[in-house]
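Here's the structure, in structure tokens; my notes come after.
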Amino acid sequence: MSGEPGDPAGTAGPAPRRHLPPDAITIRCRLDGPLVVEMPTGDQFAGLRLRVTDHANREFCLPADGRAVALCRCGRSGNRPFCDGSHKNACFSGTEEAPDSGG
0 MSGEPGDPAG TAGPAPRRHL PPDAITIRCR LDGPLVVEMP TGDQFAGLRL RVTDHANREF
60 CLPADGRAVA LCRCGRSGNR PFCDGSHKNA CFSGTEEAPD SGG
């Protein structure tokens with residue numbers, strides 16, 4: 000939203016890009032679909048957990064395997080904040096693309 004502190008409208012432009020290792024938590028914007036939160040795998044990440052909370056800090060139950068969670072973007076899921084596939088019949092358009100890395 001904001002490119003820099005003191006710029007609540009975000010008019011200063013995008014924040015500088017950070018390049019993270021491939022084993023970072025990834026939030027994938029699916030084309031016309033949900034945000035998929037993917038957890039890294041491997042023994043070194045065995046203690047890493049994901050929490051999804053509401054505005055009052057109450058936790059939602061997550062799948063037991065802890066690997067990936069799909070979050071609704073279309074607003075039509077009957078299982079919000081999680082995706083239930085409702086976007087397929089909702090004419091939802093989610094076409095965000097990351098800017099070219101320039102390299």
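Using numbering that gives the first Met the number 0, the first residue of the sequence shown is number 0, and each one after it goes up by one.
C-beta atoms are modelled at their ideal positions from N, C-alpha and C, and glycine is treated no differently.
Here the structure is a predicted model, which means the values were calculated and not measured.
DSSP places Phe81 within a strand segment (E or B) once states are collapsed to three. According to the DSSP assignment, Val68 belongs to the beta strand (DSSP E) that extends over Ala67 to Leu70.
Counting along the chain, the unbroken beta strand (DSSP E) around Glu37 starts and ends at Leu34 to Glu37.
Nearest C-alpha to Gly93 among Ala23, His18, Arg17 and Arg27: Arg27.
Between Ala63 and Cys73, the alpha-carbon positions lie close to 25 angstroms from each other.
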